[in-house]
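Numbered per our numbering, the sequence shown finishes at 224, counting up by one with no gaps.
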Amino acid sequence: MQKRRFVGIGIAVLGGFLLLSVPNESVAGAHLVYERIGYQSGVETVVDYFLANVGGDDRVNGRFSDTDMAQLRGHLIDQVCEATDGPCTYKGKNMREAHAGMGITEAEFAIIAGHFAAAMEKAGVSASDHATIMSVLSAMQDDIVGQ
Ligand code: HEM
Numbered sequence: 078m079q080k081r082r083f084v085g086i087g088i089a090v091l092g093g094f095l096l097l098s099v100p101n102e103s104v105a106g107a108h109l110v111y112e113r114i115g116y117q118s119g120v121e122t123v124v125d126y127f128l129a130n131v132g133g134d135d136r137v138n139g140r141f142s143d144t145d146m147a148q149l150r151g152h153l154i155d156q157v158c159e160a161t162d163g164p165c166t167y168k169g170k171n172m173r174e175a176h177a178g179m180g181i182t183e184a185e186f187a188i189i190a191g192h193f194a195a196a197m198e199k200a201g202v203s204a205s206d207h208a209t210i211m212s213v214l215s216a217m218q219d220d221i222v223g224q
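Here it is as structure tokens:
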């Protein structure tokens with residue numbers, strides 16, 4: 078009886094451990110997000126939709142008036158590719174350096190993040206991959222806002 082209870086507890090603990098390890102597994106296997114997005118051309122589509130959204134939004138497009146947009150596009154493609162575990166290496170500045178001295182507000186960050194979310198939706202990125210990528214963006218907020 079006692080032994081059976083131990084086995085039961087053991088199975089419950091193991092089950093809990095396996096359940097807990099599922100989210101980690103999906104983060105560790107993020108290259109699958111890159112694949113499901115549609116590899117390089119899928120990443121480029123998302124970034125192009127995103128840049129079109131930003132360019133059409135008068136609340137934030139003035140920020141990019143002096144920016145080399147072709148270079149920014151390249152950096153964003155590498156960044157998204159790398160963040161989804163694709164075969165790219167982001168070679169731009171880190172997020173704190175890239176936005177230093179700009180005084181970007183939380184509201185602007187929310188607008189930009191919203192444009193990225195809309196771009197993923199338009200490109201047909203699944204809800205769970207969408208959530209994974211948005212959590213990567215959210216983690217950058219402190220390095221971008223208020224620098
Ligand atoms: C999740 C949010 C964001 C990400 C992932 C992101 C990413 C980047 C990257 C990769 C670069 C290029 C860095 C380099 O050239 O080395 C960059 C530059 C820039 N970002 Fe962001 N950014 C974000 C939010 C914002 C926001 C909210 C604004 C302002 C509304 C902004 C304005 C700019 C500007 C103006 C530049 C270009 C600076 C230049 O001309 O050299 N970014 N960003």
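We treat Cβ as the ideally placed atom computed from N, Cα and C, and that holds for glycine. Computed from a predicted model, the values in this text were never measured in an experiment.
- The chain-ordered list of residues whose CB is nearer than 6 Å to some heavy atom of the ligand HEM reads Val137, Arg140, Phe141, Asp143, Thr144, Leu149, His152, Leu153, Gln156, Gly169, Lys170, Ala175, His176, Ile181, Glu185, Phe186, Ile189, Ala190, Leu214, Met217, Ile221.
- Taking all protein chains in view, the Cβ of methionine 197 is crowded by 16 or more other Cβ atoms within 10 Å, so the residue is classified as buried.
- Contact annotation: aspartate 220 and valine 110 have beta-carbon atoms that are not nearer than 8 Å.
- The residues His152, in chain order, have a CB closer than 6 Å to that of glycine 169 in the same chain once the five nearest residues on each side in sequence are set aside.
- In the structure shown, isoleucine 210 adopts helical secondary structure according to DSSP, grouped into three states.
- DSSP places isoleucine 188 in the uninterrupted alpha helix (DSSP H) bounded by 183-199.
- Straight through space, the alpha carbons of arginine 150 and aspartate 125 are spaced by roughly 8 Å.
- If you draw a straight line from the Cα of glutamate 112 to the Cα of tyrosine 167, it comes to about 18 Å.
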